[in-house]
Amino acid sequence: MAQDPMLPRRYRVKRAWSELSDVSTMELEPIDGEAVPFAPGQFNMLYAFGVGEVAISISGDAADTDKLVHTIRNVGAISGALAGVSDGDVIGVRGPFGSAWPVAQETGRHIVFVAGGLGLAPLRPAIYHVLNNREQYSGMTLVYGARSPDDLLYADEIKAWKSRFDTEVEITVDHAAPGWTGQVGVVTVPLDRTLSGSNGAEVSAFVCGPEIMMRFSVMSLMAAGVPEDKVWISMERNMKCAIGFCGHCQFGGDFICRDGPVFRHDQVSRLIAKKEI
Ligand SMILES: Cc1cc2nc3c(=O)[nH]c(=O)nc-3n(C[C@H](O)[C@H](O)[C@H](O)COP(=O)(O)OP(=O)(O)OC[C@H]3O[C@@H](n4cnc5c(N)ncnc54)[C@H](O)[C@@H]3O)c2cc1C
Ligand code: FES
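The numbering of the sequence shown is this note's numbering, which starts it at 521 and goes up by one.
Laid out in structure tokens, this is it:
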């Protein structure tokens, strides 16, 4: 019998660790039965028992079916409880829900990932997919921006990606700190530079971060000749049911939980231009 999508399953925290001062990552395993497969870009509803439930993107490798990985910023009561879990704790999981980054369909193209802040977490499964199948793509670039060097997520992993000869990685921070020798400035500066050396028509772009950052990144991509139907973004809204029932996450005529969170840009560009939606 199919699992009731409103019923959380119990998962045990295999391992939890701190990424940044207010961000933690947890690896989960189901207490009963198999882990459910997911596609890059999808999210789960994570339930801190007695506190509440929130939407959190899956940030691990979809090819590694042994564990479920989530990266969480403590911004309130529920995310704080989840970011504070320890090894062996038990939480509830519903999902996976929502649409995916269609990265597996974009073979033969130059894949450009543009991430801002915690937006790297929902993109990471798609990045793993391209790195695991790198020979199927003509190029791969990651442009990642954070507020400061201390806010750079997955710093060791980024270093490893940067050391690969088949991958271009550009990191920038809004505000430097003592010892920082890298780039300073908004993400569109390295993005524009990367795009000026590429053929925009061959680029497929996946963008995730604060809405203002996504808006300016899309403008850069369009100006470089990237086709509008080759740009995908991920949207966030408060969620309750995650199955297209309660209407909490309505976005124009769409529900973000069901029709998103990943949208092709040309299908939502008119809505994004209207700030109040
Ligand atoms: C599809 C999707 C994927 C997400 N993936 C992640 C993820 O991988 N990691 C992660 O840390 N967070 C993620 N979030 C955001 C996360 O769901 C919210 O931070 C969480 O709901 C906050 O709940 P809270 O009760 O802890 O805080 P609250 O007390 O509810 O809120 C604290 C602050 O966060 C703001 N906030 C609440 N919910 C959201 C939201 N959905 N988007 C933006 N701001 C919000 C509130 O306006 C308030 O300012 C995702 C959200 C969605 C919809
Ligand atoms: S969260 Fe209920 S409709 Fe999307």
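Even for Gly, the Cβ is constructed at its ideal location relative to N, Cα and C.
In chain order, Glu-690 place their CB closer than 8 Å to the CB of Arg-713, counting only its own chain and leaving out the 5 sequence neighbours on each side.
By the Cβ neighbour-count rule, Ile-611 is buried, with 16 or more other Cβ atoms within 10 Å of its own. Excluding five sequence positions before and after Arg-667, the CB atoms of its chain that fall closer than 6 Å to its own CB belong to Asp-694, given in chain order.
Selection Arg-593, Asn-564, Asp-786 evaluated against Val-751 yields Asp-786 as nearest (Cα-Cα). Not one heavy atom of ligand 2 sits closer than 8 Å to the Cβ of Met-734. Using a Cβ distance threshold of 9 Å, Tyr-664 and Val-632 do not count as a contacting pair. The C-beta distance from Val-707 to Gly-764 rounds to 32 Å, too long to fall under 8 Å, and the pair is not in contact. Of the residues Met-742, Glu-731, Leu-711, the one whose Cα lies closest to the Cα of Ala-721 is Met-742. In this structure, Pro-781 lies near Glu-756, with their beta-carbon atoms less than 9 Å apart. Here Gly-570 is exposed. Its C-beta has fewer than 16 other C-beta atoms within 10 Å.
Under the three-pair Cβ rule at 8 Å, the region 551-560 counts as touching the region 576-584. Membership of Pro-730 in any alpha helix (DSSP H) is not indicated, and neither H nor E is assigned to it by DSSP.
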